[in-house]
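**Student:** Its first residue numbered 15, the sequence shown is counted upward by one per residue in our numbering.
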Amino acid sequence: FTSNAHAQTVFVDAALTTGANAGTSWAAAYRGSAGLREALATVPPGGEVWITEGTYFPTDVVDPGAFFFLDADDVTARGGFLGLETTPLERPARGEAPTVLDGDVGGDDGAGLFLDNCDVALLVRGASPTLDRIDVVRTGVFGAGFVLLVTSGEFRLQECAVRDSRGNGVSVLPISTQAASVHLVDCVTERCFQATSRASASRSASPGTTISVSSSGPGGRETRSSRTASRAAVVSMACTSAPRTRTTRVP
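Here it is in structure tokens:
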């Protein structure tokens, strides 16, 4: 099998049990949760990570402080693949092949045990990332599904979701003196516990970080909202009971 994907594309398959486990093609994709951790940690700047449908855990043992992390700049991480595609356009429709980051490593949320969940599913520390069709479920009380440490450039989340989290959906923390922008496009939060973030950012953070939210409504009609952080603050997409998005700035 030969892929015409970008030369710096790293492949991850939740169900693969054979092959080189090297991430160089679908046949040799990184395997499972450990493979996704390796892919996100080692993808080069400007590269892409393609991830098949399936459930991935930030850690193999219960550890609320564990999370997936992405440090390289200009990386695009895409979910929703079946494991045969040569271009993202060949993926099934949104929701038909979900890529899920699950914070309930212990599998005990049904018993009402939430404090052992991973507080954050994915921490992004690199500049100008794109997250595409990646869902988060069951993160813990003291964090958020996605945490973006905003330095510079354009941060983009498209067709992502956070569900059944005990914390927030997306927390955006400006930590640089440079202006940046964050775009949430057709993202949803459902059945989450907290409505706002309680964290605070460094006072050296950029005063010009712009947060925008857009969604495609019935008939393709698009709605938009935007907000600019007037000073050092945490801006978070609060979780709601309905499948919609919003932004909240906490001084």
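Note that beta-carbon positions come from the ideal geometry of N, C-alpha and C, so glycine has one too.
None of these values were measured; they are calculated from a predicted model.
Determine which residues share a DSSP beta bridge with Thr38 and list them.
**Tutor:** For Thr38, which the question treats as bridged, DSSP gives no partner whatsoever.
**Student:** Are Cys206 and Val176 closer than 8 Å when you measure CB to CB?
**Tutor:** Result yes, Cβ atoms of Cys206 and Val176 sit closer than 8 Å.
**Student:** Thinking C-beta only, is Ala80 closer than 8 Å to Thr90?
**Tutor:** Contact: no.
**Student:** Applying the 10 Å Cβ sphere with the 16-neighbour rule, what's the burial state of Pro188?
**Tutor:** Under this definition Pro188 is a buried residue.
**Student:** Taking 8 Å as the cut-off, decide whether the C-beta atoms of Arg139 and Phe71 are in contact.
**Tutor:** No; because the gap between Cβ atoms is not below 8 Å, this pair is not in contact.
**Student:** Give me the DSSP bridge partner(s) of Gly270.
**Tutor:** Outside the modelled stretch of the chain, which goes from 15 to 265, sits residue 270, for which no answer is possible.
**Student:** Could you give the residue range of the beta strand (DSSP E) that holds Gly94?
**Tutor:** First-last of the beta strand (DSSP E) with Gly94: Thr90 to Phe95.
**Student:** Might you give, ordered along the chain, the residues of its own chain that have their beta carbon closer than 8 Å to the beta carbon of Asn131, omitting 5 neighbours on each side?
**Tutor:** Answer for Asn131: Pro78, Gly117, Asp118, Val119, Gly120, Asp123, Arg152, Thr153, Gly154, Val155 and Arg180, listed in chain order.
**Student:** State buried or exposed for Thr100, treating a residue as buried only when at least 16 other CB atoms are found within 10 Å of its CB.
**Tutor:** So Thr100 counts as exposed.
**Student:** Would you mind sorting Ala34 into buried or exposed? The rule is 16 or more other CB atoms within 10 Å of its CB.
**Tutor:** Looking at its Cβ environment, which holds fewer than 16 other Cβ atoms inside 10 Å, Ala34 is exposed.
**Student:** Taking the Cβ atom as the reference point for each residue, do Glu62 and Arg105 lie within a distance shorter than 8 Å?
**Tutor:** Against a cut-off of 8 Å, the Cβ pair of Arg105 and Glu62 comes out as no contact.
**Student:** When the Cα atoms are used, what is the spatial distance from Thr69 to Ala193?
**Tutor:** For Thr69 and Ala193, the distance between alpha carbons rounds to 35 Å.
**Student:** Would you report the Cα separation of Asn182 and Phe160, rounded to the nearest angstrom?
**Tutor:** In a straight line, the C-alpha of Asn182 is about 8 Å away from that of Phe160.
**Student:** For a quick check, are the C-beta atoms of Val150 and Ser190 less than 8 Å apart?
**Tutor:** Contact flag unset, no.
**Student:** Just grab the DSSP bridge partners of Arg147 for me.
**Tutor:** For Arg147, which the question treats as bridged, DSSP gives no partner whatsoever.
**Student:** Which term fits Glu67, buried or exposed, when burial requires 16 or more other beta carbons within 10 angstroms of its beta carbon?
**Tutor:** Glu67 is buried by the Cβ-count criterion.
**Student:** Go to Ala53, then tell me how far its alpha helix (DSSP H) extends in each direction, as first and last residue.
**Tutor:** From DSSP, the alpha helix (DSSP H) with Ala53 extends over Gly46 to Thr56.
**Student:** Assuming Gly157 and Asp133 form a contact by the criterion Cβ under 8 Å, report the distance between their Cβ atoms to the nearest whole angstrom.
**Tutor:** Their Cβ separation, rounded to whole angstroms, is 3 Å, which keeps Gly157 and Asp133 in contact under 8 Å.
**Student:** For Gln22, which residues from the same chain have a beta carbon less than 8 Å from its beta carbon, with the 5 sequence-adjacent residues on both sides left out?
**Tutor:** The residues are Val57, Pro58, Gly60, Gly61 and Glu62.
**Student:** Please list, in chain order, all residues of the same chain as Ala53 whose beta carbon is under 7 Å from its beta carbon, the five residues on each side excluded.
**Tutor:** Counting only Cβ-Cβ distances below 7 Å, and skipping sequence neighbours, we find Val24, Val26, Gly37, Tyr44 and Val63.
**Student:** Nearest to Ala135 by alpha carbon, out of Gly126, Leu127, Leu145 and Ala41?
**Tutor:** Of the candidates Gly126, Leu127, Leu145 and Ala41, the one whose C-alpha sits nearest the C-alpha of Ala135 is Leu145.
**Student:** Would you decide whether Leu103 is buried or exposed? Buried here means 16 or more other CB atoms lie within 10 Å of its CB.
**Tutor:** Leu103 should be labelled exposed.
**Student:** Taking just the CA atoms, how far does Cys174 sit from Val202?
**Tutor:** Rounded to the nearest angstrom, the two C-alpha atoms are 7 Å apart.
**Student:** Quick check on Gly11: does DSSP put it in helix, strand or coil?
**Tutor:** Outside the displayed range of the chain (15 to 265) lies residue 11, so it cannot be described from this structure.
**Student:** For Asp88, which residues from the same chain have a beta carbon less than 6 Å from its beta carbon, with the 5 sequence-adjacent residues on both sides left out?
**Tutor:** Closer than 6 Å at the Cβ level, and outside the excluded window around Asp88, lie Pro59, Gly60 and Ser142.
**Student:** Taking the beta strand (DSSP E) that Asp116 falls in, what are its first and last residues?
**Tutor:** Run containing Asp116: Thr113 to Asp116, per the beta strand (DSSP E) assignment.
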